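As structure tokens, the structure follows; a few thoughts come after it.
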């Protein structure tokens with residue numbers, strides 16, 4: 372999982388979910404099994420498609436009340452139709468409407484609405500009435516297509532429990548609906564089935580079982596406390612690093628499935644409520660306090676010494692950037708400081724990660740803060756914010772220039788007002804910017820450094836620690852049960 376944050380609002384909603392559903396924590400925990408539904412956005416918004424290919428064994432199309440609309444086809448396509456034409460006479464069964472629609476030829480369809488079926492066509496006919504609004508069209512192997520309202524809960528699933536969306540297989544059921552002009556494809560599964568598809572995408576499936584169990588619980592807590600993250604999009608979480616990477620049935624592995632099965636119903640709690648949970652690849656030897664990276668604090672994520680995250684592929688890394696590359700990286704985000712003449716680490720956390728990085732140019736200075744440092748300069752180069760800085764051509768001081776202003780902040784003078792941006796520990800900033808045409812950033816670790824270190828968890832498991840001990844090391848004061 373790449374960097375991500377959860378809002379405090381999401382956490383509050385998660386707390387409300389627990390206590391509204393059940394009067395006791397143990398009862399709430401028992402609900403975090405496969406009966407706990409998770410709607411995962413597979414294709415939506417800008418990544419949605421106009422047509423989807425679906426396949427499986429005896430596919431069924433049905434509504435939220437489980438009323439079957441069509442069945443027995445092994446393949447179908449789902450698409451959007453802007454206008455259809457339907458009969459004004461409702462029929463009680465799909466079969467009777469299908470027979471009535473046959474006379475409309477290749478454009479024939481059956482329109483389903485609120486338990487009733489109507490013969491119809493994609494083409495106008497004197498005996499049919501235009502039906503307003505876009506519809507989702509399911510075209511089967513044989514016979515007429517099925518049209519449904521794009522806003523309705525219409526599902527497709529296979530009788531063997533595995534349905535293919537294109538070449539990717541998913542458990543549970545697929546949901547197609549129209550939002551704006553896009554046709555969204557959602558996979559609705561139970562919690563266990565969701566985790567089956569997450570754990571092997573987020574941690575190496577051959578790693579130690581206890582590390583995989585810790586990952587399963589952390590991933591579970593992450594979806595619980597981010598359950599409303601994509602509510603406005605019609606689902607709970609997406610399938611990318613914005614939430615957690617989810618590969619569905621296609622990603623499943625026996626060992627990771629076992630880790631999920633052996634931790635079923637278990638969650639991390641802090642003071643009786645589900646704890647937020649984050650993870651990263653490697654801490655580099657020390658995790659970070661969440662407040663030093665994002666804009667809120669949690670008592671159980673304050674940063675810990677992490678000797679288990681040494682001896683990994685990310686013990687050290689180096690990023691080389693020219694002044695021109697830094698200038699272009701800033702411009703791509705809308706920050707114009709002119710020609711870059713110096714860079715300086717302005718503030719580091721108590722865990723030695725860079726919290727503020729100043730970039731000085733001929734037009735002004737931009738201060739990058741916390742995780743935005745990696746985001747702006749490029750997370751493919753900057754594995755973490757746990758780094759030091761030097762110039763390849765020396766570290767001559769940059770002279771102070773009173774006509775250089777901070778354009779982003781509205782401050783009129785770079786140095787006279789810099790105290791409002793940096794901590795009291797920073798002094799005489801005008802005299803020690805690292806200058807040169809090229810800069811070397813030497814760092815440790817991979818990721819934001821918040822919460823569980825995956826390499827650290829695996830090394831702890833190798834040393835004999837159990838999944839509860841692993842979680843307790845990275846999340847101070849939480850309870851697992």
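Numbering (my numbering), first residue to last: 372 to 852. Cβ coordinates follow ideal geometry from the N, Cα and C atoms, glycine included. Given the structure is predicted, the values throughout are model-derived calculations rather than measurements.
Residue from the options with nearest C-alpha to residue i
| i | options | result |
| --- | --- | --- |
| residue 573 | 551, 829, 834 and 712 | 829 |
| residue 538 | 575, 615 and 622 | 622 |
| residue 810 | 442, 488, 516 and 698 | 698 |
| residue 591 | 562, 575 and 608 | 562 |
| residue 643 | 420, 852 and 402 | 852 |
| residue 534 | 752, 431 and 512 | 431 |
| residue 435 | 463, 641, 645 and 523 | 523 |
| residue 559 | 513, 493, 609 and 571 | 609 |
| residue 470 | 516, 497 and 453 | 516 |
| residue 720 | 663, 446, 693 and 615 | 663 |
| residue 682 | 824, 536 and 403 | 824 |
| residue 749 | 690, 501, 737 and 705 | 690 |
| residue 580 | 626, 481, 474 and 407 | 626 |
| residue 421 | 551, 403, 704 and 847 | 551 |
| residue 437 | 640, 525, 694 and 665 | 525 |
| residue 582 | 429, 833, 565 and 616 | 833 |
| residue 624 | 587, 718, 737 and 571 | 571 |
| residue 713 | 696, 554 and 731 | 731 |
| residue 528 | 716, 822, 459 and 449 | 449 |
| residue 564 | 415, 406 and 661 | 406 |
Simplified DSSP assignment, three categories, for residue i
| i | result |
| --- | --- |
| residue 397 | The predicted position of residue 397 is uncertain, since its pLDDT is 42 and thus under 50; a value taken from the coordinates is nonetheless stated next. It is helical. |
| residue 611 | coil |
| residue 791 | Only weak support exists for where residue 791 lies, its pLDDT of 32 falling under 50; the coordinates are left without a value. |
| residue 714 | strand |
| residue 624 | coil |
| residue 634 | coil |
| residue 774 | Low local confidence applies: a pLDDT of 30 at residue 774 is under 50, so the model's placement there is unreliable, and no value is given. |
| residue 566 | helix |
| residue 491 | strand |
| residue 752 | coil |
| residue 849 | coil |
| residue 706 | coil |
| residue 528 | strand |
| residue 572 | helix |
| residue 644 | strand |
| residue 616 | coil |
Beta-carbon spacing of residue i, residue j below 7 Å
| i | j | result |
| --- | --- | --- |
| residue 819 | residue 651 | yes |
| residue 826 | residue 687 | no |
| residue 812 | residue 760 | yes |
| residue 648 | residue 589 | yes |
| residue 464 | residue 491 | no |
| residue 817 | residue 685 | yes |
| residue 631 | residue 541 | no |
| residue 645 | residue 596 | yes |
| residue 412 | residue 613 | no |
| residue 658 | residue 677 | yes |
| residue 447 | residue 488 | no |
| residue 512 | residue 426 | no |
| residue 674 | residue 722 | yes |
| residue 483 | residue 519 | yes |
| residue 704 | residue 757 | no |
| residue 468 | residue 481 | yes |
| residue 478 | residue 635 | no |
| residue 505 | residue 451 | yes |
| residue 585 | residue 838 | yes |
According to DSSP, residues forming a beta bridge with residue i
| i | result |
| --- | --- |
| residue 738 | 729 |
| residue 511 | 447 |
| residue 516 | 480 |
| residue 685 | BP columns for residue 685 are empty, so no partner. |
| residue 833 | Its beta-bridge partners do not exist; DSSP assigns none. |
| residue 814 | 688 and 758 |
| residue 438 | Looking at the DSSP assignment, residue 438 forms no beta bridge with any residue, so it has no partner. |
| residue 657 | 676 |
| residue 534 | 541 |
| residue 548 | 555 |
Where the alpha helix (DSSP H) through residue i begins and ends
| i | result |
| --- | --- |
| residue 470 | 465-472 |
| residue 583 | 580-596 |
| residue 423 | It is not in any alpha helix (DSSP H) - residue 423 instead sits in the beta strand (DSSP E) that spans 422-434. |
| residue 700 | 694-703 |
| residue 663 | 661-664 |
| residue 499 | Careful: residue 499 lies outside any alpha helix (DSSP H) and carries neither H nor E. |
CB contact check: residue i to chain E, cutoff 7 Å
| i | result |
| --- | --- |
| residue 660 | The question asks about chain E, but that chain is absent: this structure has only one protein chain. |
Element boundaries [beta strand (DSSP E), containing residue i]
| i | result |
| --- | --- |
| residue 838 | Counting along the chain, residue 838 falls outside any beta strand (DSSP E), though it belongs to the alpha helix (DSSP H) covering 838-845. |
| residue 410 | 408-414 |
| residue 559 | 553-561 |
| residue 456 | 455-457 |
| residue 640 | 639-641 |
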